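Below: one structure, written as structure tokens.
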Amino acid sequence: MTLLDRYIFKSVLVACFAAVCLFAFVLMAGNIIRDLIGPLLSGQLGFLMFGRLVLLLVPFVISYALPLGMLTAVLLALGRFSSDSEITAMRAAGLSLPRIALPALFLAAGLVAVGLKVNFQFMPWARVTYHQDFAASIRTNPLSFIIPKTFIRDFPGNVIYVGSKEGPVVRDIWVWQLDAQSRAIRFIRAESGRVDFDEATNSFIVPLHHATIEDYDRRAPDNFTEALHVNTVGQVDPIHLSLTRYSGAGMVHQKLDWMTYGELEAEKARIEAQPVPIGGEGQRQRDIMKVALTIQEKINLSLAIFSFALVGVPLGIKVSRRETSANLGVAVTMALSYYFLTVMVGWLDRHPEYRPDLLLWVPNFIFLGVGIWLLRRLDRA
315 MTLLDRYIFK
325 SVLVACFAAV
335 CLFAFVLMAG
345 NIIRDLIGPL
355 LSGQLGFLMF
365 GRLVLLLVPF
375 VISYALPLGM
385 LTAVLLALGR
395 FSSDSEITAM
405 RAAGLSLPRI
415 ALPALFLAAG
425 LVAVGLKVNF
435 QFMPWARVTY
445 HQDFAASIRT
455 NPLSFIIPKT
465 FIRDFPGNVI
475 YVGSKEGPVV
485 RDIWVWQLDA
495 QSRAIRFIRA
505 ESGRVDFDEA
515 TNSFIVPLHH
525 ATIEDYDRRA
535 PDNFTEALHV
545 NTVGQVDPIH
555 LSLTRYSGAG
565 MVHQKLDWMT
575 YGELEAEKAR
585 IEAQPVPIGG
595 EGQRQRDIMK
605 VALTIQEKIN
615 LSLAIFSFAL
625 VGVPLGIKVS
635 RRETSANLGV
645 AVTMALSYYF
655 LTVMVGWLDR
665 HPEYRPDLLL
675 WVPNFIFLGV
685 GIWLLRRLDR
695 A
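Heads up, this note's numbering is the position in the sequence shown plus 314, with the first residue counted as 1.
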């Protein structure tokens, strides 16, 4: 590797590292705000566990940040070279554009291997561990879910409000029980109750005392013209509030995206080995196709690192802009076009006869073809 190659390689590498960190931060911020900030502020998560969960998000976001980061790095680095007339000097020295771009493409090829490792090993492990640790942390202090003077929506089919809490004893309890359309079908207000956690069922059991119960018409609970059925009782049958969404067991391997390559192949073999009921061949083929699509998505997401770099080389030289915002805009626009094409192919997962697992390669082939065409055209100019 010549001194010039090292200069180009280092410039693209530094820009790539900065861009990947930027996109990873943006992607992580959404997950942190949506899933972790609330439990942290309510005391359900400690600071150490919060930090561990944030770190476990890194492999997940890196799989998406690498293609974006590589594209942005090539646009920024080569755009700067072009603006400073360094590309002109290199070409005057007898170097072709493909030769100038070789260090950047070499880096992109190496990152493809890194992406494959992340997508098929580190990311699945991190996602499973993330949900297991999150669930375990929540279950160590289940009463932290009961936050006084707050509408609690963590329990499927129920909205809870508690006026005060002293240990497991709660007072001024309001409970709205909901139907499948999230419409209130029963309202209970009780003076007091006790919250007990049942580890066997992973749920709260809450007996209520001195309660008033309002029952709505279950067929039309939002019809307030009908008279309410109101009862006052000394004690209500215990209410069961499920915490299955935080169980951390069984759910973590149900998503195909969270499986390693070996687990995906094993899942595919399991589906193929299962006896097919009468009329079930179509569903069997769809299940097999979902596994195949997941494998191809992970491969193509890694290959996109090289595809984006190849397209970014001629665009970076031709655009020749120093402005970071302009180059970032080009990168985001191209990435959105790529992801839109892959999403469109993903919609065909219920039609295995169209071979969506093979169609997933089309966006990468388009980007590779466009990149080669632009590079050759610009080299002859």
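Think of the CB as a built atom: it goes at the ideal place given N, C-alpha and C, for glycine as much as any other residue.
These numbers come from a predicted model, not from an experiment.
For the beta strand (DSSP E) that residue i lies in, which residues bound it at each end?
i: Ile502; result: Ala498 to Arg508
i: Gly477; result: Asn472 to Glu480
i: Arg485; result: Val483 to Leu492
With a threshold of 6 Å on Cβ separation, who are the neighbours of residue i within its own chain once the five nearest residues in sequence on each side are excluded?
i: Leu655; result: Pro677
i: Arg320; result: none
i: Val550; result: Leu522 and Ala525
i: Pro462; result: Val476, Ser478 and Lys479
i: Met404; result: Ile414
i: Ser506; result: Arg485 and His523
i: Val375; result: Ala338, Leu341 and Met342
i: Ile401; result: Phe395 and Ile631
i: Met437; result: Pro373, Phe374 and Ser377
i: Asn545; result: Ile527
i: Ala332; result: none
i: Val659; result: Pro670, Leu673 and Leu674
Report the CB separation of residue i from residue j in whole angstroms; it is logged as a contact under 8 Å.
i: Ser556; j: Phe469; result: 6 Å
i: Val627; j: Ala418; result: 6 Å
i: Pro552; j: Val509; result: Going by Cβ atoms, the distance from Pro552 to Val509 rounds to 10 Å, so no, they are not a contact pair.
i: Leu457; j: Leu327; result: Actually they are not in contact, since the Cβ atoms of Leu457 and Leu327 sit about 50 Å apart, beyond 8 Å.
i: Leu380; j: Phe364; result: Going by Cβ atoms, the distance from Leu380 to Phe364 rounds to 25 Å, so no, they are not a contact pair.
i: Leu425; j: Ala649; result: Actually they do not touch by this definition, with Cβ atoms about 15 Å apart.
i: Gln358; j: Phe465; result: No, Gln358 and Phe465 are not in contact; Cβ-Cβ is about 16 Å, not under 8 Å.
i: Ile499; j: Val489; result: Their Cβ separation, rounded to whole angstroms, is 12 Å, which puts Ile499 and Val489 out of contact at 8 Å.
i: Ser616; j: Gly429; result: 3 Å
i: Leu492; j: Asn472; result: 7 Å
i: Asp447; j: Arg348; result: Not confirmed; about 17 Å, so no contact.
i: Val590; j: Arg598; result: 5 Å
i: Lys612; j: Asn433; result: 4 Å
Which residue marks the beginning of the alpha helix (DSSP H) containing residue i, and which one marks its end?
i: Val388; result: Phe361 to Ser397
i: Ala583; result: Tyr575 to Ala587
i: Leu354; result: Ile351 to Leu355
i: Ala406; result: Glu400 to Ala406
In three-state DSSP terms, what is residue i?
i: Leu557; result: coil
i: Asn433; result: helix
i: Leu274; result: As shown, the chain starts at 315 and ends at 695. That puts residue 274 outside it, with no answer to give.
i: Ser325; result: helix
i: Phe448; result: helix
i: Glu528; result: strand
i: Asn614; result: helix
i: Asp551; result: strand
i: Asp468; result: coil
i: Asn345; result: helix
i: Val590; result: coil
i: Thr316; result: coil
i: Ser410; result: coil
i: Thr546; result: strand
i: Met565; result: Any reading at Met565 must be qualified, since the residue scores a pLDDT of 47, below 50, and its modelled position is unreliable; the value itself is stated next. Of the three classes helix, strand and coil, the one that applies to Met565 here is helix, per DSSP.
i: Val334; result: helix
Apart from the five residues just before and just after residue i, which ones in its own chain have a Cβ nearer than 8 Å to its Cβ?
i: Ile686; result: Leu624
i: Thr316; result: none
i: Trp439; result: Pro373 and Thr574
i: His567; result: Confidence at His567 is low in this model, with a pLDDT of 49, below 50, so its placement is unreliable and the value that follows should be read with caution. Only Val442, Met573 and Glu577 meet the Cβ criterion.
i: Asp663; result: Arg600, Met603, Lys604, Leu607 and Pro670
i: Lys324; result: none
Relative to the ligand NAD, is the shortest distance from any of its heavy atoms to the C-beta of residue i smaller than 7 Å?
i: Arg694; result: Absent from the structure shown: the ligand NAD. Ligands present: none.
Taking 7 Å as the limit between beta carbons, can you name the residues of its chain near residue i, skipping five residues before and five after?
i: Gln610; result: Asp671 and Leu674
i: Pro412; result: Leu689 and Asp693
i: Leu682; result: Ser621 and Leu624
i: Ile519; result: Asp510, Asp512, Pro552 and His554
i: Met504; result: A small correction: the amino acid at residue 504 is Ala; Met does not occupy that position in the sequence shown. For Ala504, where only same-chain residues beyond five positions count, the Cβ hits under 7 Å are Ile487, Leu522, His523, His524, Ala525 and Val550.
For chain B, check one thing: does any of its Cβ atoms lie closer than 8 Å to the Cβ of residue i?
i: Arg453; result: No chain B is part of this structure, which consists of one protein chain only.
Would you mind listing the alpha helix (DSSP H) stretches within the stretch 654-693 that are 4+ residues and don't spill past its ends, in chain order? 670-673
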